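To keep things clear, I will list the structure first and then write my remarks on it.
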Amino acid sequence: MLGIARDITQRKLAEAQRAATQLKLEMGIQAAGLVMAEIDYRTNLNHISGELARLLELGEGPLTVPRQAIFDRIHPEDRERYLREIARTLDPAGNGHLAIDVRALLPSGVVRWLHIRLQIVFAMIDGRLQPERGICAAREVTTEMVAERKLRAAQRLTLSVIEGAGALVYAKDLQGRYILSNQAWRRLHGLSPEEAQGITDEQIFGAETAARLRATDRKVAEEGQPVVTQERALLHGQAATFRSSKFPLYDDNGQIYAVCGVSTDITDVVEADRRKDEFIATLAHELRNPLAPIRTGLEILRRVGELPPAAERTRGMMERQLTHLVRLVDDLLDVSRVSRGKLELRLEPLTLDRVLSDALEACQPAVAAAGHALSLQMPQEPVPVHGDLTRLAQVFSNLVNNATKYTPPGGRIEVRARVEGTQAVVEVQDNGSGIPPELLPQVFDMFAQGQGANGTGHGGLGIGLWLVRKLVQLHHGSIEADSAGVGRGSTFTVRLPLSDR
């Protein structure tokens with residue numbers, strides 16, 4: 001008996017190593033979500049994995065299919081681009097490498113995005129270097145491509161908004177360097193996109209203006225809150241005023257990395273306001289000049305003794321109208337002072353009952369003439385406030401006079417005071433004509449007027465409530481208006497800080 005033995009240990013080890021390597025490769029391919037194919041360019045057949053067959057809805061299990069079967073799955077809109085790239089890849093003069101994103105349109109109607117990587121192996125065939133086979137790895141990237149397309153669409157929309165906003169849009173990093181600017185901003189400063197990138201306010205405006213702008217930027221960056229402000233600068237030798245809204249920009253870690261601004265040129269608006277304030281001040285003074293001799297004349301008529309009934313009625317009418325005119329002129333003067341920041345408050349410790357007593361005393365004649373019932377409710381304990389007695393009394397007398405005008409004869413006006421936390425609260429409520437819902441947001445605007453008690457526009461300049469709000473704000477308080485609607489009365493609520501005493 002003859003036996004031959006050969007040591008194949010090394011061969012077995014090599015086979016085991018190849019099997020382990022193949023297993024690792026397959027596990028890596030699966031972990032990466034790849035599907036594989038091998039292309040035989042001599043037979044034009046594709047040997048595809050089971051995963052790729054299922055992905056393209058070609059069937060189950062590993063398959064061998066014609067190249068055309070794969071091409072038929074390419075979305076019609078992507079086929080021309082796909083063929084162009086394949087032709088380039090099959091050129092022996094190149095490196096034979098292809099990476100491309102295309103859509104697959106499946107028989108079920110589903111569209112899937114695929115990222116395909118292909119490597120061509122060239123060989124000498126019939127004396128020429130030609131493609132012999134290709135190794136292809138593909139991965140579905142539908143989710144990523146859809147997200148990327150949405151991101152690009154959002155970026156295009158953002159860019160369109162920035163460029164078409166009509167305002168100046170810009171952003172500065174925390175060192176004050178411009179990192180974003182729209183065309184309107186660059187056109188204003190005469191800069192190209194390249195020149196604008198990295199420029200600073202010091203280079204554009206000079207040190208003094210830049211310091212003011214940077215102070216606002218630092219406030220936004222440090223507090224992390226939007227700021228709306230007016231900013232002034234010298235542009236091309238002319239003073240300009242801008243209304244600027246600035247807000248922080250955050251990175252992926254939630255850290256502020258820049259300050260973005262949107263600015264609108266309001267130079268013409270500011271100039272118009274200045275001229276309006278000058279006109280109102282001039283008008284008030286011009287109207288006030290004739291009032292003194294008229295008042296003197298009426299006083300002389302009062303002292304001459306008994307007048308004929310018609311003359312007495314005329315004198316009384318003139319006195320009432322003079323009082324009304326004096327009030328209008330005083331309001332105009334106050335508007336002018338407040339608008340120009342010239343109104344000075346004489347602050348002193350006060351009690352709310354003293355303020356309201358003076359206010360109701362001033363408007364009592366008008367209330368009585370209209371036949372209204374006026375009531376006052378006060379807390380038992382004194383309510384201390386700190387303010388200007390004359391101006392606070394003016395606030396509440398204006399509110400009661402306003403209620404008098406917009407309440408039919410014989411109406412009811414209630415003034416109620418109370419304490420809420422650290423605030424003194426006063427409500428002036430009437431059962432008059434009410435405020436339409438659409439007018440409520442503008443009720444404190446200058447020249448805004450509602451309907452009088454008779455359903456028509458009431459006399460006056462429409463500045464009383466504007467002045468009331470400004471006076472309340474000067475006392476660090478707030479005011480709001482509320483009404484259930486036309487014919488259902490209105491309530492004005494004033495809140496003032498309590499004083500320490």
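Under UniProt numbering, the first residue of the sequence shown is numbered 1, with each subsequent residue one higher. The beta carbon of each residue, even a glycine, is placed where N, CA and C say it ideally should be. Predicted model, so just to flag it, every value in this text is computed and none were measured.
Residue i to residue j span [Cα, whole Å]
i, j, result
"Gln-30", "Asp-91", "Residue placement at Gln-30 cannot be trusted, given a pLDDT of 49 that sits under 50; the coordinates are not used to answer."
"Arg-495", "Asp-353", "15 angstroms"
"Arg-81", "Ala-167", "41 angstroms"
"Gly-485", "Val-415", "20 angstroms"
"Gln-22", "Pro-107", "Because the pLDDT at Gln-22 is just 44, under 50, the model does not fix this residue reliably, and the point stays unresolved."
"Leu-157", "Leu-174", "26 angstroms"
"Pro-349", "Val-385", "6 angstroms"
"Gln-225", "Gln-423", "27 angstroms"
"Arg-112", "Ala-138", "12 angstroms"
"Ala-184", "Arg-340", "32 angstroms"
"Thr-229", "Leu-213", "10 angstroms"
"Ser-499", "Gln-321", "39 angstroms"
"residue 510", "Tyr-250", "With the chain represented from 1 up to 501, any question about residue 510 goes unanswered, as that position is not in the structure."
"Ile-100", "Asp-78", "11 angstroms"
"Thr-267", "Ser-245", "16 angstroms"
"Pro-497", "Gly-477", "6 angstroms"
"Arg-288", "Thr-296", "13 angstroms"
"Gly-411", "Gln-364", "14 angstroms"
"Ala-153", "Lys-219", "33 angstroms"
"Val-227", "Ile-256", "15 angstroms"
"Glu-85", "Gly-164", "38 angstroms"
"Val-472", "Glu-223", "28 angstroms"
"Ser-192", "Arg-275", "37 angstroms"
"Met-36", "Cys-136", "6 angstroms"
"Pro-309", "Glu-286", "33 angstroms"
Opposing strand residues paired with residue i [DSSP bridges]
i, result
"Phe-247", "Cys-260"
"Gln-423", "Glu-420 and Pro-497"
"His-47", "Glu-38 and Thr-64"
"Phe-242", "Glu-231 and Asp-265"
"Ala-373", "Arg-412"
"Phe-122", "Pro-131"
"Ala-104", "Ile-74 and Arg-112"
"Val-146", "Note: Val-146 sits in no beta bridge, so no partner."
"Cys-363", "According to DSSP, Cys-363 bridges with nothing at all."
"Val-428", "Val-415 and Phe-492"
"Leu-350", "Val-385"
"Thr-200", "Arg-177"
"Ala-137", "Met-36 and Arg-117"
"Ile-479", "Val-494"
Pair within 8 angstroms by beta-carbon distance, residue i and residue j
i, j, result
"Ser-433", "Tyr-406", "yes"
"Ile-435", "Ser-483", "yes"
"Asn-401", "Leu-465", "no"
"Lys-150", "Ala-258", "no"
"Ile-463", "Asp-331", "yes"
"Thr-89", "Ile-120", "yes"
"Phe-396", "Ala-370", "no"
"Arg-232", "Ala-221", "no"
"Pro-379", "Arg-346", "no"
"Met-317", "Leu-298", "no"
"Thr-64", "Leu-52", "no"
"Phe-242", "Thr-264", "yes"
"Thr-404", "Val-428", "no"
"Arg-133", "Glu-38", "yes"
"Ala-393", "Val-355", "yes"
"Pro-66", "Ile-48", "no"
"Gly-176", "Thr-200", "yes"
"Ser-336", "Ala-292", "no"
"Leu-114", "Ala-123", "no"
"Ile-162", "Asn-182", "yes"
"Leu-55", "Ala-69", "no"
"Leu-399", "Phe-492", "yes"
Rounded Cβ spacing between residue i and residue j (contact assumed at less than 8 angstroms)
i, j, result
"Ala-196", "Tyr-178", "6 angstroms"
"Val-102", "Ile-74", "6 angstroms"
"Asp-430", "Gly-489", "5 angstroms"
"Asp-334", "Leu-474", "Actually they do not touch by this definition, with Cβ atoms about 11 angstroms apart."
"Gly-254", "Tyr-170", "Not confirmed; about 23 angstroms, so no contact."
"Ala-284", "Val-329", "5 angstroms"
"Leu-307", "Arg-315", "6 angstroms"
"Thr-351", "Val-383", "6 angstroms"
Any chain D beta carbon closer than 8 angstroms to residue i
i, result
"Ala-258", "The chain labelled as chain D is not found in the depicted structure, where only one protein chain is given."
Ranges of the beta strand (DSSP E) found wholly within the segment 259–296, counting only runs of at least 3: Counting only runs of 3 or more, we get nothing.
Could you give the uninterrupted runs of the alpha helix (DSSP H) lying entirely in the segment 161–198, keeping only those of 4 residues or more? Within the segment 161–198, the complete alpha helix (DSSP H) segments of 4 residues or longer fall at 183–189 and 193–196, listed in chain order.
Could you tell me which whole alpha helix (DSSP H) segments of length 4 or greater appear in the segment 290–334? 291–303
Output the residue ranges of the beta strand (DSSP E) runs that lie fully inside the segment 53–100 and measure 3 residues or longer, sorted by chain position. 63–66
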